[in-house]
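In mature numbering (1 follows the signal peptide of the UniProt record, and there is no 0), the protein residues as written are -24 to -1, 1 to 69.
Every residue gets a Cβ at the ideal spot worked out from N, C-alpha and C, and that includes glycine.
Have a look at the structure below, then the notes.
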């Protein structure tokens, strides 16, 4: 009976974790240097220093405004820098 419970636990854990992997969105992102205003989300309101730009895949017609994202670099930059990433992710928003 112990082996059956272990297998059942693994299957349930996989089913629970599957939607988390499927929720990821791929897109292109960039950043800006000062001045950070105006922004598409808040006009001339000061949003602080963590301002990012996003492609249409992420932008979602202002739907991205106020959302939090964890951004992870998965490839070279558009300018062809072969390894711009350090393997870390950045939380935005």
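Return helix, strand or coil for residue i, following the three-state DSSP convention.
i, result
"residue 28", "strand"
"residue 42", "coil"
"residue -15", "helix"
"residue 47", "strand"
When the distance is taken between beta carbons, is residue j closer than 7 Å to residue i?
i, j, result
"residue 27", "residue 12", "yes"
"residue 30", "residue 40", "yes"
State the Cα-Cα distance for the pair residue i and residue j, rounded to the nearest angstrom.
i, j, result
"residue -21", "residue 48", "38 Å"
"residue 33", "residue -15", "34 Å"
"residue 24", "residue -13", "42 Å"
"residue 22", "residue 9", "14 Å"
"residue -18", "residue 36", "40 Å"
"residue 18", "residue 6", "18 Å"
"residue 20", "residue 43", "19 Å"
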